[in-house]
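In mature numbering (1 follows the signal peptide of the UniProt record, and there is no 0), the protein residues as written are -21 to -1, 1 to 513.
Read the structure below first, then the notes.
Structure below.
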C-alpha cells in the first residue's frame, strides 16, 4: 500500500512538473536567465518543436534556430520582451514572424527569440480588425499579425476594400508593409505602404509609438518598407474604397516584347483614366515551358495552351494580365469598355482569354494555384527567388540579355512576372527603394523559381547570379525588391544616398541592432553616426 501511494505521488509530481514546464519553460543556455522571471515568461517556448518550426521560412534556403519562440498576447508583451533585451548585459536578437513567407531567412533570429505574431490574434477580446465605414475617407485598423485575406473579408462586409493587393493574400499586414506590398493595382494607387495612414510600432528600445505623416513622421516613413529594422508593426490604418462585386479578368498574348511593353505602358498611363483597367500585370513564359510544362493551368485550358504553343517561334510568349472591376449598376457597360480598351492594343490576333469572377475570387486567385501545387507536393520546396525593379529605359535590354540569352534554353519550375509601375506613386521618404534613374516608369520583374529537388538549388542560384552580373556589366541600374545582400557594402549600394539617413534612424530606434537580424543589414550596435560600434 505504501509503495502504491509512493508511485502515485511520484507520477503526480512528474505530471505537475510537465505542466509547470509548459507554463514556465526551462531557461535556455543562450538567453539571460532573468528573462524567465518576467511576467511574460509563460509565453516563451524553448522546446525543440517550437524552435524547429521557427528555424526556416517559405524559401527554405536558410536554416537557423532561435533559442526561443515568444507567443505574445498583446503588443505590450512584445514591448516588454524588447525592452528586456535592449537593457540586458547580453542583448539577444528579436525577429517578428507572421507567415514566414520570406525566402532568405529574413524572419529568423539565430540565437535569439522569434516572435510568433499570429498569437496576437488569438483569444483577443477586442477584435484586431476594425472597420470605420463612416465619413468620406473610410479606413480599417488591422493588427500587424492579420492576414490580408481576413482584412478583405472583414472590409467586404461593409462594401469596402483596400485599394492595393499583393497577388497572394495569406500574408500578414505587418509583413508586406515592412517590404512595400506590390501588385497589379500599384500603378494607380502606389504600393500598399502608400495607402497607410497610421501605424503602431514597437521600436528596438521597446517603446510603443503611434506614428503617421504628421506625428512621429520619421518613424512612420522609416517603418514602411523598412525591412523590420526600426520596429515591429503591430497595427496599421489602411485607406479603403468602395468594393466592386465582380471582375472581368483577361489575358492577352504577345510574341514581341516591344509591343508587349508599349501596350502595358499605355494601360498604366493617364490616357486611360476614363476607360481603364483596375489591375495590370504581365507574365513571361519561356519557349521550352510550353513543351515541357503543364498541359493546363487554373486559367488556361489544354486547348488554350496548345494554341499558345503555336506562337513559340520567339524565345518567349508574353501575357498582359488585366482586370476591370464592376458592380450591378455598371455591368451593362463592361463589354463596351473592354472592347474600347482592347481596340487600342496590339496583342496577337485571336489570343484573348477571359474569365468573369467575383471580386473575392479574383483577389484570392493564387489560392487555387497553391492548392494545385500542394497536392503535387511542390509548394513546400526551396524557392530561390529573384525580384528586381528595372528602369523602363533598360527593360528591352534586360529582356534581350536575360530571357532571350541567359534563360533561352532554360525551363525552371516557377513563374516570371513582368509589369510596369508609375514611379510618382511611390513616396521616396519611405525606406523602400526604386531605381534612381530619371525614368518615370519602372518594371517589377520577379523570377519566382521552385527547386523541385535539392540539385536544382545551386543551378537556380547560379542563374540568379548571372542575371545580377549581367545587369551590373551592362550598367542596368536595377534595385532588388525583397532584397538580399551578404555584406553591409551591398546594403549601402542598395540604399545609395538614403544610407546615412537609414543608419541614423537605426541608431535612434534600434541602437543595439536587435530587430530582424536575418536581413543582415546591421550586425552590430549602431552609433548616432551610423557607424557600427566595436
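Backbone N, C-alpha and C fix where the C-beta goes; we use that ideal spot for every residue, glycine too.
None of these values were measured; they are calculated from a predicted model.
Using three-state DSSP, classify residue i as helix, strand or coil.
i: residue 176; result: strand
i: residue 215; result: strand
i: residue 469; result: helix
i: residue 498; result: helix
i: residue 197; result: helix
i: residue 404; result: helix
i: residue 300; result: strand
i: residue 484; result: helix
i: residue 261; result: strand
i: residue 164; result: coil
i: residue 22; result: helix
i: residue 352; result: helix
i: residue 228; result: strand
i: residue 412; result: coil
i: residue 40; result: coil
i: residue 505; result: strand
i: residue -1; result: For residue -1, the predicted model reports a pLDDT of 39, less than 50, meaning its position is unreliable and no value from the coordinates is stated.
i: residue 12; result: helix
i: residue 58; result: helix
i: residue 427; result: strand
i: residue 453; result: coil
i: residue 316; result: helix
Between residue i and residue j, is the Cβ-Cβ spacing less than 8 Å?
i: residue 401; j: residue 166; result: yes
i: residue 77; j: residue 43; result: no
i: residue 130; j: residue 180; result: no
i: residue 496; j: residue 38; result: no
i: residue 382; j: residue 231; result: no
i: residue 143; j: residue 127; result: no
i: residue 228; j: residue 302; result: yes
i: residue 326; j: residue 299; result: yes
i: residue 198; j: residue 175; result: no
i: residue 123; j: residue 213; result: yes
i: residue 363; j: residue 417; result: no
i: residue 331; j: residue 321; result: yes
i: residue 460; j: residue 367; result: yes
Report, in whole angstroms, the separation of the C-beta atoms of residue i and residue j, which I expect to be a contact under 8 Å.
i: residue 47; j: residue 30; result: 7 Å
i: residue 51; j: residue 94; result: 6 Å
i: residue 243; j: residue 259; result: 7 Å
i: residue 117; j: residue 135; result: Incorrect: roughly 13 Å between the Cβ atoms, too far for contact.
i: residue 186; j: residue 216; result: Residue 186 to residue 216, Cβ: 19 Å. No contact.
i: residue 424; j: residue 397; result: 5 Å
i: residue 45; j: residue 89; result: 7 Å
i: residue 208; j: residue 489; result: 6 Å
What's the call for residue i, buried or exposed, on a 16-neighbour Cβ count within 10 Å?
i: residue 375; result: exposed
i: residue 463; result: buried
i: residue 66; result: exposed
i: residue 101; result: exposed
i: residue 485; result: buried
i: residue 98; result: buried
i: residue 158; result: buried
i: residue 514; result: Limits of the chain in this structure are -21 at one end and 513 at the other, which puts residue 514 out of reach.
i: residue 451; result: exposed
i: residue 12; result: exposed
i: residue 80; result: buried
i: residue 410; result: buried
i: residue 329; result: exposed
i: residue 145; result: buried
i: residue 56; result: buried
i: residue 60; result: buried
i: residue 407; result: exposed
i: residue 493; result: buried
i: residue 433; result: exposed
Leaving out the 5 sequence neighbours to the left and right, which residues in its chain are closer than 6 Å to residue i when beta-carbon positions are compared?
i: residue 426; result: 365, 395
i: residue 412; result: 458
i: residue 392; result: 429, 431
i: residue 491; result: 65, 70, 504
Looking only at its own chain, which residues have a Cβ that is under 8 Å from the Cβ of residue i, when we skip the five neighbours before and after it?
i: residue -1; result: Unreliable positioning characterises residue -1 in this predicted model, as indicated by a pLDDT of 39, which lies under 50. The coordinate reading is nonetheless provided below. There are no such residues.
i: residue 455; result: 369, 370, 373, 376, 377, 449
i: residue 19; result: 49, 51, 56, 59, 60
i: residue 319; result: 254
Compute every distance between the C-beta of residue i and the non-hydrogen atoms of the ligand ZN, then say whether any falls below 7 Å.
i: residue 250; result: Because no ligand of any kind appears in the structure shown, any question about the ligand ZN cannot be addressed here.
Spatial neighbours of residue i within its chain, please: CB distance less than 7 Å, with the 5 preceding and 5 following residues excluded, ordered by chain position.
i: residue 2; result: Residue placement at residue 2 is flagged as unreliable, the pLDDT there being 43, under the threshold of 50; a coordinate-derived value is accordingly withheld.
i: residue 205; result: 157, 410
With 8 Å set as the bound, which would you pick, yes or no: does the beta-carbon of residue i sit closer than that to a beta-carbon of chain C?
i: residue 486; result: No chain C appears in the structure shown, which is made up of a single protein chain.
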